[in-house]
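Remarks on the structure that follows.
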Amino acid sequence: MIKFTKFFILLLSLTGAAMLYAEPKTVAFAQDTMGNDFRKAQVYEVRDAAAKHSELKFVYSDAKGQTSLLIRHINGFIDAKVDLIVVGTNDEKAVVPVILKAVKSKIAVIILDRGIQGDGYTTFINSNNIKIGEMGAKYIAERLRGKGKVLLFEGLQKADVTKLRSKGFMDEIAKHKGIRVIKRTGNYLRKDAILEMEKLIASGEKVDAIFSESDSMLSGARSAMLRHAIDPASIITIGCDYTSEARDAIRKGTQSGSVLFPLGGKKTVETALKIFKGESVPKHIVIPVKLITKENVEKEAPIF
Numbered sequence: 001m002i003k004f005t006k007f008f009i010l011l012l013s014l015t016g017a018a019m020l021y022a023e024p025k026t027v028a029f030a031q032d033t034m035g036n037d038f039r040k041a042q043v044y045e046v047r048d049a050a051a052k053h054s055e056l057k058f059v060y061s062d063a064k065g066q067t068s069l070l071i072r073h074i075n076g077f078i079d080a081k082v083d084l085i086v087v088g089t090n091d092e093k094a095v096v097p098v099i100l101k102a103v104k105s106k107i108a109v110i111i112l113d114r115g116i117q118g119d120g121y122t123t124f125i126n127s128n129n130i131k132i133g134e135m136g137a138k139y140i141a142e143r144l145r146g147k148g149k150v151l152l153f154e155g156l157q158k159a160d161v162t163k164l165r166s167k168g169f170m171d172e173i174a175k176h177k178g179i180r181v182i183k184r185t186g187n188y189l190r191k192d193a194i195l196e197m198e199k200l201i202a203s204g205e206k207v208d209a210i211f212s213e214s215d216s217m218l219s220g221a222r223s224a225m226l227r228h229a230i231d232p233a234s235i236i237t238i239g240c241d242y243t244s245e246a247r248d249a250i251r252k253g254t255q256s257g258s259v260l261f262p263l264g265g266k267k268t269v270e271t272a273l274k275i276f277k278g279e280s281v282p283k284h285i286v287i288p289v290k291l292i293t294k295e296n297v298e299k300e301a302p303i304f
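Right under this line is the structure:
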C-alpha cells in the first residue's frame, strides 16, 4: 500500500511537470480581411480570449480580401504545423480544398461565421443568418404597413452569409405584395456602401427603408445621405452586427435598429480548448441573435 502511494505521488508529480513544460497549442486565425471593422474585432476577440489561457498561443493573418492570399495563408499554417486553424472566408467554395488538406494533416479546423460548402471541417460556429434576414424584413414590413420601396444592401456575393441573409429577407418580404425591393452590393465595407448610395441618390431613386447586411454598410449609406442633406431619421433603417456606432445611431434616432450578431471569438476559444482536451464538440454550434431597437438599446452591450 505504501509503495503504491509513493508510485501514485511520483506519477502525479511527473504528469504535472509534463503539463508545466508542455508546448502551448497554437491557434491560427486565417482572416479574410482586417479592413472590415467586424472581421478585425472578431480576430481581436479570439486573441483576447486565448490570452487568458497560458496553454494557448495565438497567431493570425490578414488576406486583405484576396481569396488567393487567404488560401496561401492557410497553406502556410499547415506547413507550420499549427494545432488548430480558425477560418473566416470570403468565398464558400474556393477554400474547400485547402481546408480538407488541413484536416488530412491532422489539424483541427473551426469555420467561423461564414460557412463553406460541404462539411470537411471540425466544427462550424455561426448564427442563424436566414433568421437575421427575416427579422429585418418583419420589422420593416410592420413599420411600412406593407407598402413602400426598400433598399437591400448586400455583402460579399460569394459569402454564404450574404446569400442566407438575403434569402431570409426576400422570403419574408415577399409576403407583403405592396413592398418593392431594390438591391445594391456593399461588400460589408463602409467605403463601398458610400459609393453605391451616392450612385443611388444621383439617379434620383428614393427609398422608404433600408435593410443593410452589416452596420458598417449602413453607416456608409447614412454618411452619403447626410452629405446630400437627407435626414437618416426619415428612413427606416435596420443593420446587422450591433456595433457601438450602431448603438449611438439608434440612441439618436438616425438608425431604427440592428440585429445583434455575436463575433463568436469567445465561443471559438472555448471550443478549441475542448478539442485540445480530446472532448467531442458539435459539428455545428449556433449563437443566438437578437433585434436591437430604441426599446432595448440600453439593455444590450454592442459587440465592439
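Going left to right, the sequence shown walks through residues 1 to 304 as our numbering numbers them. Glycine is no exception: its CB is placed at the ideal position from the N, C-alpha and C atoms.
Nearest residue (CA-CA) to residue i, options the options
{"i": "glutamate 298", "options": "Tyr242, Leu152 and Leu263", "result": "Tyr242"}
{"i": "lysine 294", "options": "Leu151, Thr254 and Ala209", "result": "Thr254"}
{"i": "isoleucine 85", "options": "Lys25, Ile132 and Asp48", "result": "Lys25"}
{"i": "glutamine 117", "options": "Lys175, Lys163, Arg145 and Gly178", "result": "Lys163"}
{"i": "phenylalanine 77", "options": "Ala51, Ser127 and Ala28", "result": "Ala28"}
{"i": "proline 288", "options": "Gly264, Gly278 and Ala272", "result": "Gly264"}
{"i": "threonine 123", "options": "Asp231, Val269, Ser256 and Glu134", "result": "Val269"}
{"i": "lysine 267", "options": "Glu142, Ile111, Lys158 and Ile107", "result": "Ile111"}
{"i": "histidine 176", "options": "Glu134, Lys191, Arg184 and Asp113", "result": "Glu134"}
{"i": "methionine 170", "options": "Ile132, Lys191, Ala159 and Val207", "result": "Ile132"}
{"i": "alanine 229", "options": "Ala249, Glu198, Phe153 and Ser256", "result": "Glu198"}
{"i": "histidine 53", "options": "Ser68, Glu23, Met34 and Lys183", "result": "Glu23"}
{"i": "aspartate 113", "options": "Asp119, Val161, Ala249 and Tyr121", "result": "Val161"}
Bridge partners - residue i, DSSP secondary structure assignment
{"i": "glutamine 31", "result": "Asp62 and Gly88"}
{"i": "isoleucine 111", "result": "Val87 and Phe124"}
{"i": "alanine 221", "result": "DSSP lists no partner for alanine 221."}
{"i": "leucine 56", "result": "Lys25"}
{"i": "glutamate 154", "result": "Thr185"}
{"i": "threonine 293", "result": "Gly257"}
{"i": "isoleucine 179", "result": "Gly148"}
{"i": "valine 286", "result": "Asn126"}
{"i": "alanine 209", "result": "Val150 and Ile236"}
{"i": "aspartate 248", "result": "None, per the DSSP bridge assignment."}
Residue environment, residue i, which counts as buried when at least 16 other CB atoms sit within 10 Å
{"i": "glutamate 39", "result": "Strictly speaking, residue 39 in this sequence is arginine, with glutamate absent from that position. Per the 10 Å Cβ criterion, buried."}
{"i": "glycine 88", "result": "buried"}
{"i": "isoleucine 303", "result": "buried"}
{"i": "leucine 226", "result": "exposed"}
{"i": "alanine 174", "result": "exposed"}
{"i": "aspartate 91", "result": "buried"}
{"i": "tyrosine 21", "result": "Interpretation of tyrosine 21 is limited by its pLDDT of 45, a score under 50 that renders its predicted location unreliable; the figure taken from the coordinates is listed afterwards. When all chains shown are included, tyrosine 21 counts as exposed."}
{"i": "aspartate 215", "result": "buried"}
{"i": "glutamine 157", "result": "exposed"}
{"i": "serine 244", "result": "exposed"}
{"i": "asparagine 296", "result": "exposed"}
{"i": "glutamate 45", "result": "buried"}
{"i": "histidine 73", "result": "buried"}
{"i": "serine 61", "result": "buried"}
{"i": "isoleucine 235", "result": "buried"}
{"i": "aspartate 48", "result": "exposed"}
{"i": "serine 306", "result": "This structure does not reach residue 306, given that the chain is present from 1 up to 304, and the question cannot be answered."}
{"i": "proline 262", "result": "buried"}
{"i": "glycine 239", "result": "buried"}
{"i": "alanine 314", "result": "Not covered by the structure: residue 314. The range shown for the chain is 1 to 304."}
{"i": "valine 286", "result": "exposed"}
Residue i and residue j closer than 9 Å at C-beta
{"i": "lysine 149", "j": "glutamate 172", "result": "no"}
{"i": "asparagine 75", "j": "lysine 101", "result": "yes"}
{"i": "glutamate 213", "j": "serine 166", "result": "yes"}
{"i": "glycine 155", "j": "isoleucine 194", "result": "no"}
{"i": "leucine 144", "j": "alanine 233", "result": "no"}
{"i": "alanine 246", "j": "isoleucine 292", "result": "yes"}
{"i": "asparagine 36", "j": "leucine 218", "result": "no"}
{"i": "valine 82", "j": "valine 59", "result": "yes"}
{"i": "arginine 251", "j": "threonine 237", "result": "no"}
{"i": "leucine 260", "j": "glutamate 300", "result": "yes"}
{"i": "glycine 146", "j": "isoleucine 179", "result": "yes"}
{"i": "alanine 63", "j": "alanine 30", "result": "yes"}
{"i": "leucine 151", "j": "valine 181", "result": "yes"}
Whole-Å CB distance - residue i paired with residue j, under 8 Å assumed
{"i": "leucine 70", "j": "aspartate 32", "result": "6 Å"}
{"i": "glycine 204", "j": "glutamate 196", "result": "Going by Cβ atoms, the distance from glycine 204 to glutamate 196 rounds to 15 Å, so no, they are not a contact pair."}
{"i": "glycine 115", "j": "asparagine 126", "result": "6 Å"}
{"i": "isoleucine 140", "j": "phenylalanine 211", "result": "6 Å"}
{"i": "asparagine 129", "j": "glycine 65", "result": "Asparagine 129 to glycine 65, Cβ: 20 Å. No contact."}
Residue i: CB within 8 Å of a non-hydrogen atom of the ligand SAM
{"i": "phenylalanine 38", "result": "Absent from the structure shown: the ligand SAM. Ligands present: none."}
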